[in-house]
Amino acid sequence: MFLFRLGVFLLLIGVVLIGLFVVSGAANMPDYRLLAAGGVVAAGGGLLLRGNRPPPLPPSNRFRVLRRKQKRQKQEEE
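Here our numbering is used: the first residue of the sequence shown is 37, the next is one more, and so on.
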């Protein structure tokens with residue numbers, strides 16, 4: 037789970053760095069180090085995300101009473 041969260045963090049940092057590159061380009065002073073660093077950091081975060089997915093959550097019993105009522109109504113209609 038830690039590696040997944042680290043991947044999310046790195047991906048966000050990479051996107052911010054690429055955004056800073058775009059802003060620096062709009063100011064006619066492009067800093068290509070931001071683009072390179074953002075691409076590397078975002079790619080590393082993406083790899084961590086891809087390889088360390090958390091297990092799926094169990095089904096929720098949040099609306100179990102409503103589901104039972106719906107099943108009973110469907111059975112009564114048949």
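All residues carry an ideal CB built from backbone N, CA and C; glycine is no exception.
Item to complete: Counting only the same chain and skipping the five closest in sequence on each side, list residues whose C-beta sits under 7 angstroms from that of residue 80.
Response: The count along the sequence shown starts at 1 and reaches residue 80 at position 44. Hits under 7 angstroms: 46.
Discussion item. Here's the rule I'm using: 16 or more other beta-carbon atoms within 10 Å means buried, otherwise exposed. How should residue 63 be labelled?
Written reply: As a first step, residue 63 is located in the sequence shown; it is residue number 27 there, counting from the start. By the 10 Å Cβ count, residue 63 comes out exposed.
Worksheet item: Does the count of Cβ pairs from the region 101 to 110 and the region 81 to 92 closer than 8 angstroms reach three?
Response: no
Fill in: Spatial distance of residue 37 from residue 97 (CA atoms)
Start at 1 with the first residue of the sequence shown, and residue 37 comes out as number 1. Start at 1 with the first residue of the sequence shown, and residue 97 comes out as number 61. Taking the straight line from one Cα to the other gives about 24 angstroms.
Worksheet item: Which of helix, strand or coil does DSSP assign to residue 9?
Response: The question about residue 9 has no answer here: the residues shown for the chain are numbered 37 through 114.
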